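Position in the sequence shown (from 1) plus 4 gives the number in my numbering. Presented below is the structure to which this report refers.
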Amino acid sequence: MTSSDAEEVHGRPWLAETFWRLGGLQFGDFSVGRTARNSPVYFNAKVLLSRPDALKRAIELITEDLELGMARRNRTVDPFDGIAGVPIGGLYLATALSLRMNRPLLYVRPPREADEVAAPHIEGIYRPGERVLVVDDLATGGGSLVETIIALRDAGLMVSDAIVLIDREQGAMRRLEGMGVRLHAILSLEVTLRHLESAGHIGGDDFERAVAYIHREGEPRSEFD
Numbered sequence: 005m006t007s008s009d010a011e012e013v014h015g016r017p018w019l020a021e022t023f024w025r026l027g028g029l030q031f032g033d034f035s036v037g038r039t040a041r042n043s044p045v046y047f048n049a050k051v052l053l054s055r056p057d058a059l060k061r062a063i064e065l066i067t068e069d070l071e072l073g074m075a076r077r078n079r080t081v082d083p084f085d086g087i088a089g090v091p092i093g094g095l096y097l098a099t100a101l102s103l104r105m106n107r108p109l110l111y112v113r114p115p116r117e118a119d120e121v122a123a124p125h126i127e128g129i130y131r132p133g134e135r136v137l138v139v140d141d142l143a144t145g146g147g148s149l150v151e152t153i154i155a156l157r158d159a160g161l162m163v164s165d166a167i168v169l170i171d172r173e174q175g176a177m178r179r180l181e182g183m184g185v186r187l188h189a190i191l192s193l194e195v196t197l198r199h200l201e202s203a204g205h206i207g208g209d210d211f212e213r214a215v216a217y218i219h220r221e222g223e224p225r226s227e228f229d
């Protein structure tokens, strides 16, 4: 989702190119999170931390995506009161998005030995019944997203949407759908790879192995959507 045809040209493809230039895409043999084993491709969104201008633009893309989804007649994003970052990867994006959209920030902190209650603790001020948007940098199988959503709902908060920069297309979208949560992604892995291949940045065995892995292990999206 983008605000115009021009944005379709300069938005998501720009972000894919930026990750490539910053070294956020690597090929080899990787284990990613709890789901991806022997993955031929590794995507590191945290390279944006070293480029404030790129991080700012990425936040603009997320904001535009969310605002368009909320403005549609048939909403694809529900209006939300706060923003919850998934620790640790989602915290920098959630913080920047909170500042950009002027929404309160929350995050779910895992329990510590000193805590009286052995349950995740939510940092930030909130009221039960408020709706929050969940933010992470990367979705693979969706485990961290699910844990965050459960903790927020257990605290009386409503969650109907989550957004990530990159969906590795390995089950997170389907898993969240089963919880009644829509997963939005600025980039999907296969479409990003195909864009970079068409631009001449990658090709050959690396590209073929990565695409074959997505189709074997995941749930590929068809376009920048």
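Cβ coordinates follow ideal geometry from the N, Cα and C atoms, glycine included. Treat the numbers as computed from the prediction; the structure is a model and nothing was measured.
Problem - Option nearest Ala176 by Cα separation, candidates His205, Ala100, Gly146, Leu200 - result: Gly146
Handout entry: Contacts around Arg107, its chain only, beta-carbon distance under 6 Å, and the 5 residues preceding and following it disregarded
Key = Gly86, Ile87
Practice task
Look up Tyr111 in the DSSP assignment and give the residues it is bridged to.
Solution key: Gly89, Glu127
Exercise for the section: Would you kindly work out how many angstroms separate the C-alpha atoms of Gly32 and Glu134, rounded to a whole number? Expected result: 43 Å
Problem - Option nearest Ala166 by Cα separation, candidates Val136, Asp158, Arg172 - result: Val136
Exercise for the section: Determine the DSSP secondary structure at Arg135, reduced to helix, strand or coil. Expected result: strand
Practice task
Quick one: residues in its chain with C-beta nearer than 6 Å to the C-beta of Asp171, no 5 flanking neighbours on either side, listed in chain order?
Solution key: Ala143, Ala189, Ser192
Problem - Cβ-Cβ distance between Leu169 and Asp141 below 8 Å - result: yes
Practice task
Give the straight-line distance between the Cα atoms of Leu59 and His199, rounded to the nearest whole angstrom.
Solution key: 20 Å
Problem - Cβ neighbour criterion (16 or more within 10 Å) applied to Asp209 - result: exposed
Problem - Distance between Leu156 and Gly27 (C-alpha atoms, nearest Å) - result: 34 Å
Problem - Reduced DSSP secondary structure (H/G/I, E/B, other) of Phe211 - result: helix
Exercise for the section: Starting from the Cα of Val240, find the closest Cα among Ser54, Thr152, Thr22 and give me that residue. Expected result: Since the first residue of the chain shown is 5 and the last is 229, residue 240 is not available in this structure.
Handout entry: Ala49 classed as buried or exposed, judged by whether at least 16 other C-beta atoms fall within 10 angstroms
Key = buried
Practice task
Identify which residue in Trp24, Ile92, Ala20, Ser43 has its Cα closest to the Cα of Glu212.
Solution key: Ser43
Practice task
Measure from the alpha carbon of Gly15 to the alpha carbon of each residue in Ser202, Val45, Asp69, Ser148, then state which is nearest.
Solution key: Asp69
Handout entry: Segments of 3+ residues assigned as beta strand (DSSP E) that fall wholly inside the segment 148-197
Key = 162-171, 186-192
Problem - Ile126 to Arg113 span [Cα, whole Å] - result: 6 Å
Problem - Limits of the alpha helix (DSSP H) - the one that Lys60 falls within - result: 56-75
Practice task
Look at Arg186 and Thr80 and say whether their C-beta atoms are less than 8 Å apart.
Solution key: yes
Handout entry: Spatial distance of Met105 from Pro83 (CA atoms)
Key = 12 Å
Problem - Whole-angstrom distance between Thr67 and Met74, CA atom to CA atom - result: 11 Å
Practice task
State yes or no: is the C-beta of Glu173 within less than 8 Å of the C-beta of Ile206?
Solution key: no
Handout entry: Residues of its chain near Glu201, where Cβ-Cβ distance is below 8 Å and the 5 sequence neighbours each way are ignored
Key = Gly207, Phe211
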